[in-house]
Amino acid sequence: MLLTWDSLSDEQQVLLAREALRRAADSIAGQAECLAGEIESGVLLDRGGPDALRLLAALVRASARDPWAMPAAA
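Per my numbering, the sequence shown runs over residues 2 to 75.
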């Protein structure tokens, strides 16, 4: 039997949505760190991006853990 979104309980839908958000946040943060590394290694032109990308990665990870919390320092 193939399950559909509507056939899942509210609890199951929330659980799946949270896991999807966690995975998306991890993917975005990982890509930001990868780009920062490429800038630092000279593969990409450095225009002040590594620090900004690492800040983005930290903020994405922090908001994925608690969407209502704003980290004081990343």
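Every residue, glycine too, gets a C-beta built ideally from N, C-alpha and C.
Run through DSSP, which three-state label would residue 31 get? Your numbering for residue 31 matches position 30 in the sequence shown. Note: residue 31 maps to helix in three-state DSSP.
Rounding to the nearest angstrom, what Cα-Cα distance links residue 47 and residue 33 in this structure? Locating residue 47 in the sequence shown gives position 46, where the first residue counts as 1. Locating residue 33 in the sequence shown gives position 32, where the first residue counts as 1. Taking the straight line from one Cα to the other gives about 14 Å.
Count the other C-beta atoms from every protein chain shown that fall within 10 angstroms of the C-beta of residue 18, then say buried if there are 16 or more, exposed otherwise. Start at 1 with the first residue of the sequence shown, and residue 18 comes out as number 17. So residue 18 ends up on the exposed side.
If you reduce the DSSP assignment to three classes, tell me which class residue 47 lands in. If you number the sequence shown from 1, residue 47 lands on position 46. Residue 47 falls in the coil class under three-state DSSP.
Closest residue to residue 63 among 21, 3 and 26 (Cα-Cα distance): Translated into the one-based positions of the sequence shown, residue 63 becomes position 62. The candidate whose alpha carbon is nearest that of residue 63 is 26.
Thinking just about the alpha-carbon of each residue, which of 60, 41 and 6 is nearest to the one in residue 51? In the sequence shown, residue 51 corresponds to position 50, counting from 1. The option with the nearest alpha carbon to residue 51 is 41.
Considering only the beta carbon of each residue, do residue 65 and residue 22 sit closer than 9 Å? Residue numbering aside, residue 65 sits at position 64 when the sequence shown is read from its first letter. Residue numbering aside, residue 22 sits at position 21 when the sequence shown is read from its first letter. For the pair residue 65 and residue 22, the CB atoms are nearer than the 9 Å cut-off.
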